[in-house]
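Trainee: Sequence order for the protein chains is A and B. The letter at position 100 of the first sequence is residue 100 when you use the working numbering, and the numbering goes up by one with no holes. The letter at position 25 of the second sequence is residue 138 when you use the working numbering, and the numbering goes up by one with no holes. Let me give you the structure first, and then I'll get to my questions.
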Amino acid sequence: GGIITQTPKFLIGQEGQKLTLKCQQNFNHDTMYWYRQDSGKGLRLIYYSITENDLQKGDLSEGYDASREKKSSFSLTVTSAQKNEMAVFLCASSILGSAETLYFGSGTRLTVL
Amino acid sequence: AQSVTQPDARVTVSEGASLQLRCKYSYSGTPYLFWYVQYPRQGLQLLLKYYSGDPVVQGVNGFEAEFIKSNSSFHLRKASVHWSDSAVYFCAVSLNYNQGKLIFGQGTKLSIKP
Chain A
1 GGIITQTPKF LIGQEGQKLT LKCQQNFNHD TMYWYRQDSG KGLRLIYYSI TENDLQKGDL
61 SEGYDASREK KSSFSLTVTS AQKNEMAVFL CASSILGSAE TLYFGSGTRL TVL
Chain B
114 AQSVTQPDAR VTVSEGASLQ LRCKYSYSGT PYLFWYVQYP RQGLQLLLKY YSGDPVVQGV
174 NGFEAEFIKS NSSFHLRKAS VHWSDSAVYF CAVSLNYNQG KLIFGQGTKL SIKP
């Protein structure tokens, strides 16, 4: 089996700060995703990457940048942290498309002071 | 716009009782359908998925779901719940195999009474 590792598990930042979240997977999956989880709102897609060097915007991409450095890693940057961005960010991967099973990391919990 | 609705934010059932968690989607075609579960402080894990064929699909730990196209529903069921089933359950749809957009419902938090 494989694993998805998200770092850090907890991230505390100041309003206006640029913050980076990292994700590594050893499944050898092509597609990787970043979701944001807010209480009572389900998961919303921020960015996804179908293959290495590909980037696709999700429904919530404004205020974020993403980078697929290599097949196994996918980073998300909050370009300017806002107080209403306290949420859990989940990284996931799948063999190919979204109709395949997604495997999730345990998340990065962001708190903005 | 396509959407997924889980009308019950919280559900509480007694241990050993049967369970149904509701899910409805808004899409004119036939999507790929999923149920995921999230245990405390963990990521999501797949319970079951529907692509085509038999509308009743079996998943892990005794869960099953039934796709009813006429009702645009994909409700999750279990005949007898266990305390370890306490978790948040998410219904999700994918409209296109390679589109990359898995659309999630808001989630239903399941609590089990002893």
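Idealized CB from N, CA, C, for every residue including glycine. Computed from a prediction, not measured in an experiment: that's the story for all the values here.
Give me, in chain order, the residues of the same chain whose beta-carbon lies closer than 8 Å to that of Val-124 of chain B; leave out the 5 immediate sequence neighbours on both sides.
Mentor: Leu-132, Leu-134, Thr-221, Lys-222, Leu-223, Ser-224
Trainee: Take Ala-192 of chain B and list the residues in its own chain whose beta-carbon comes closer than 7 Å to its own, dropping the five residues that flank it on each side.
Mentor: Ser-131, Gly-175
Trainee: Candidates B:Val-194, B:Val-201, B:Lys-214, B:Leu-146: which alpha carbon is nearest Gly-40 of chain A's?
Mentor: B:Val-201
Trainee: Taking Cβ positions only, does Lys-222 of chain B come closer than 7 Å to chain A?
Mentor: no
Trainee: Any C-beta of chain B within less than 9 Å: which residues of the stretch 58-81 of chain A qualify?
Mentor: Gly-58, Asp-59
Trainee: Can you have a look at Val-170 of chain B and say buried or exposed, based on whether 16 or more other CB atoms are within 10 angstroms of its CB?
Mentor: buried
Trainee: Taking only the alpha-carbon atoms, compute the straight-line gap between Thr-77 of chain A and Thr-5 of chain A and give it to the nearest angstrom.
Mentor: 16 Å
Trainee: Indicate whether Leu-90 of chain A and Phe-104 of chain A have their beta-carbon atoms separated by less than 7 Å.
Mentor: yes
Trainee: By the DSSP assignment, the beta strand (DSSP E) with Phe-180 of chain B in it spans what residues?
Mentor: 177-181
Trainee: I'd like to check one pair, Ala-66 of chain A with Gly-13 of chain A: are the Cβ atoms closer than 7 Å?
Mentor: Their beta carbons are not under 7 Å apart, which means Gly-13 of chain A does not touch Ala-66 of chain A by this criterion.
Trainee: Given Thr-111 of chain A, which residues of its chain have a CB within under 6 Å of its CB, disregarding the five upstream and five downstream residues?
Mentor: Ile-12, Met-86
Trainee: Between which two residues does the beta strand (DSSP E) harbouring Asp-65 of chain A extend?
Mentor: Residue range 64-70 is occupied by the beta strand (DSSP E) that includes Asp-65 of chain A.
Trainee: Assuming Phe-27 of chain A is part of the beta strand (DSSP E), what are its boundary residues?
Mentor: Annotation: Phe-27 of chain A is outside any beta strand (DSSP E) and is labelled neither H nor E by DSSP.
Trainee: Starting from Cys-204 of chain B, follow the beta strand (DSSP E) in both directions and report where the run begins and ends.
Mentor: Taken as a continuous stretch (DSSP letters only), the beta strand (DSSP E) holding Cys-204 of chain B covers 200-207.
Trainee: Mind checking which residues open and close the beta strand (DSSP E) that includes Lys-137 of chain B?
Mentor: Run containing Lys-137 of chain B: 137-139, per the beta strand (DSSP E) assignment.
Trainee: What does Leu-55 of chain A pair with, by DSSP beta-bridge criteria?
Mentor: Beta-bridge pairing links Leu-55 of chain A to no other residue.
Trainee: Measure the alpha-carbon distance for Pro-227 of chain B versus Ser-127 of chain B and round it to whole angstroms.
Mentor: 6 Å
Trainee: Going along the chain, which residues of the stretch 40-56 of chain A sit with their C-beta nearer than 7 Å to a C-beta in chain B?
Mentor: Gly-40, Lys-41, Gly-42, Leu-43, Leu-45, Tyr-48, Ile-50, Gln-56
Trainee: Can you find the residues in the same chain that come closer than 6 Å, C-beta to C-beta, to Ser-73 of chain A, ignoring five residues on each side of it along the sequence?
Mentor: Gln-24
Trainee: Does Lys-182 of chain B come within less than 7 Å of chain A when only Cβ atoms are used?
Mentor: no
Trainee: At what residues does the beta strand (DSSP E) containing Ser-73 of chain A begin and finish?
Mentor: 73-78
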